[in-house]
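Chemist: Dropping a structure here in structure tokens format, bear with me for questions.
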Amino acid sequence: MSLLLRTLPLRPTRFLSATAISISNATNFFVVPKRTNPLPGTRRTFSSSPVAAASGDVVVKPVPSPPSVLRWVSRTELCGELSVNDVGKRVHLCGWVALHRVHGGLTFLNLRDHTGIVQV
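For the sequence shown, this note's numbering gives the first residue as -7, with consecutive numbering after it.
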């Protein structure tokens, strides 16, 4: 970030410290170039040989599809809405880890979403 401050300022930044400028508002201060290649997995090879130019045989490797295990998992319950009736059932929860601790070889974590907290 400090390299960008030294090389590409669009406004005077003498009153701003490096910690005051976050990545989210960096576009207010800098011009960020966009990627010009719409397909990042493809490459072009240029040759000055007339044989390579005349052959027209271009080998394009297809991009492998991701394995089927990579899929979006939807939640089945909310953290704050679990009850005694859900004990022993398999549920899918989404949220963030609010607390993580290891106690006596066991790992405990508190999972939180907008409805509440669950200890796993």
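Glycine included, C-beta positions come from ideal geometry on N, C-alpha and C.
Here's a check: name, in chain order, each residue in its chain whose Cβ is nearer than 7 Å to the Cβ of L8, leaving out the five neighbours to either side.
Modeler: With a pLDDT of 49 at L8, under the threshold of 50, the modelled position of this residue cannot be trusted; read the value that follows with caution. Hits under 7 Å: none found.
Chemist: Going by other Cβ atoms of all chains shown within 10 Å of its Cβ, with 16 needed for buried, is V65 buried or exposed?
Modeler: exposed
Chemist: Could you spell out where the beta strand (DSSP E) holding L91 opens and where it closes?
Modeler: 88 to 95
Chemist: Could you tell me which of V50, K53, L70 sits nearest to I109, measuring between CA atoms?
Modeler: L70
Chemist: DSSP three-state label for R80, please.
Modeler: Residue identity check: residue 80 is Gly in the sequence provided, not Arg. Coil.
Chemist: Given a cut-off of 8 Å, decide if R104 and H84 are closer than it, judged by their beta-carbon atoms.
Modeler: It is not a contact, given that the beta carbons lie outside the stated cut-off.
Chemist: Could you compute how far the alpha carbon of V172 sits from the alpha carbon of R63?
Modeler: Nothing in the structure corresponds to residue 172, since the chain is present only between -7 and 112.
Chemist: Near T99, which residues of its chain fall below 8 Å by C-beta distance, leaving aside the five closest residues on each side in sequence?
Modeler: Setting aside the 5 residues that flank it on each side, T99 is surrounded in the same chain by H92, R93, each with a C-beta closer than 8 Å to its C-beta; the list follows chain order.
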